[in-house]
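Student: Sharing a structure below in structure tokens format, with a few things to ask.
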Amino acid sequence: GDSVTQMEGPVTLSEEAFLTINCTYTATGYPSLFWYVQYPGEGLQLLLKATKADDKGSNKGFEATYRKETTSFHLEKGSVQVSDSAVYFCALSETGWGGSEKLVFGKGTKLTVNP
Amino acid sequence: DVKVTQSSRYLVKRTGEKVFLECVQDMDHENMFWYRQDPGLGLRLIYFSYDVKMKEKGDIPEGYSVSREKKERFSLILESASTNQTSMYLCATGQVQETQYFGPGTRLLVL
């Protein structure tokens, strides 16, 4: 079945450092790709998404490009802040029964940003 | 804004108890999902529903059942709780081919 692999954490950075979290996927068909973020004590929030090859998703200074040739969707941010400390999940959608879409998640990468 | 609420943030139950976790959404979404989240394992899909009274097994349905009697409400049931069901449970909702929105989660401890 479809799967998502993202880099193991935890990742610790200083404020204003550059962030990359790698994500690769295997899928039949053409899934949409997502990054979700989970702040401490909260549920997941959509950070950004891309629905087709070469699309770039962006939000809050984060961006990721859907690369079909390398089956990747790496998350990047040029200058992280302490408030970016969270767990980041890469996910893909696969269409199932009734047109519903199931999400397949990576295992998550915990990011800590120090002042 | 989409609002997804879960009945409890924290829950402590004893082995063998029947446990109900409830999720309510206010956006008239067709699809609703239950996941469990465990350290090092990410999120795993337990069950999902794409319509009232419809349900489909996810990746780890054993030991769980679900109920969807109304469109806005999706319940997860642990028929006889066991310690290996201690976890964070997350409900999500969404329209077909659109983003999923998550509730705040219920942290369940089974003693």
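Note that the protein sequences, when read in sequence, are chains F and U.
Counting from 67, one number per residue, gives the positions in the first sequence under the numbering used here.
Counting from 1007, one number per residue, gives the positions in the second sequence under the numbering used here.
No residue lacks a Cβ here, since even glycine has one placed at the ideal position from N, Cα and C.
Hey, is the segment 1076-1090 of chain U in contact with the segment 1015-1025 of chain U, meaning 3+ C-beta pairs nearer than 8 Å?
Tutor: Flag = yes, the segment 1076-1090 of chain U and the segment 1015-1025 of chain U touch.
Student: What separation, rounded to the nearest whole angstrom, lies between the Cα atoms of Val-179 of chain F and Gln-147 of chain F?
Tutor: The straight-line gap from Cα to Cα measures roughly 6 Å.
Student: Could you check whether Tyr-91 of chain F and Ala-152 of chain F sit closer than 8 Å to each other, using their CB atoms as the reference points?
Tutor: No, the pair does not count as a contact, with Cβ atoms beyond the cut-off.
Student: Look up Asp-1044 of chain U in the DSSP assignment and say whether it is helix, strand or coil.
Tutor: Reduced to three states, the DSSP call for Asp-1044 of chain U is strand.
Student: Give the straight-line distance between the Cα atoms of Phe-171 of chain F and Asp-68 of chain F, rounded to the nearest whole angstrom.
Tutor: So the two alpha carbons sit approximately 10 Å from each other.
Student: Find the residues of chain F that neighbour Pro-1110 of chain U, judging by a C-beta separation of less than 9 Å, and give them in chain order.
Tutor: Within chain F, the residues near Pro-1110 of chain U are Gly-107, Glu-108 and Gly-109.
Student: Within the continuous beta strand (DSSP E) that includes Asn-125 of chain F, where are the two ends?
Tutor: Asn-125 of chain F -> beta strand (DSSP E) spans 122-125.
Student: Please name the residue, chosen from F:Asp-120, F:Gly-107, F:Glu-108 and F:Glu-129, that lies closest to Leu-114 of chain F on a Cα-to-Cα basis.
Tutor: The candidate whose alpha carbon is nearest that of Leu-114 of chain F is F:Glu-129.
Student: Give a yes or no on whether 8 Å exceeds the smallest Cβ distance from Lys-122 of chain F to chain U.
Tutor: Cβ-Cβ to chain U under 8 Å: no for Lys-122 of chain F.
Student: Alpha carbon to alpha carbon, how far is Glu-1085 of chain U from Ser-124 of chain F? Give it in angstroms, no decimals.
Tutor: The alpha-carbon atoms of Ser-124 of chain F and Glu-1085 of chain U are separated by roughly 42 Å.
Student: Secondary structure at Val-1058 of chain U, three-state DSSP: helix, strand or coil?
Tutor: Val-1058 of chain U: coil per DSSP, three-state reduction.
Student: Short check: CB of Arg-1050 of chain U to CB of Tyr-1095 of chain U, under 8 Å?
Tutor: Contact: no.
Student: Residues in the same chain with beta-carbon distance under 6 Å from Met-1033 of chain U, minus the five sequence neighbours each way, listed in chain order, please.
Tutor: If we look at Met-1033 of chain U and ignore the five residues flanking it on each side, its Cβ neighbours are Val-1008.
Student: On a CA-only basis, which of U:Pro-1045, U:Glu-1078 and U:Ile-1066 is nearest Asp-1057 of chain U? Give me that one, please.
Tutor: Cα-wise, what sits closest to Asp-1057 of chain U is U:Glu-1078.
Student: Skipping 5 residues on each side, what residues in its chain have a beta carbon closer than 6 Å to that of Tyr-1016 of chain U?
Tutor: Result list for Tyr-1016 of chain U: Arg-1113, in chain order.
Student: Should Lys-168 of chain F and Phe-1054 of chain U be called a contact, given that it needs their Cβ atoms to be closer than 8 Å?
Tutor: Contact flag set, yes.
Student: Round the Cβ separation of Ser-98 of chain F and Ser-159 of chain F to the nearest angstrom and send it over; I've been treating them as touching at under 8 Å.
Tutor: Going by Cβ atoms, the distance from Ser-98 of chain F to Ser-159 of chain F rounds to 5 Å, so yes, they are a contact pair.
Student: Give the residues of chain U in contact with Phe-155 of chain F, contact being defined as C-beta atoms less than 9 Å apart.
Tutor: In chain order: Gly-1048 and Leu-1049.
Student: Whole angstroms are fine: how far does the CA of Val-1030 of chain U sit from the CA of Cys-89 of chain F?
Tutor: Taking the straight line from one Cα to the other gives about 32 Å.
Student: Secondary structure at Thr-71 of chain F, three-state DSSP: helix, strand or coil?
Tutor: Strand at Thr-71 of chain F.
Student: Under a CB-based cut-off of 8 Å, is Phe-84 of chain F close to chain U?
Tutor: By this cut-off, Phe-84 of chain F is not an interface position.
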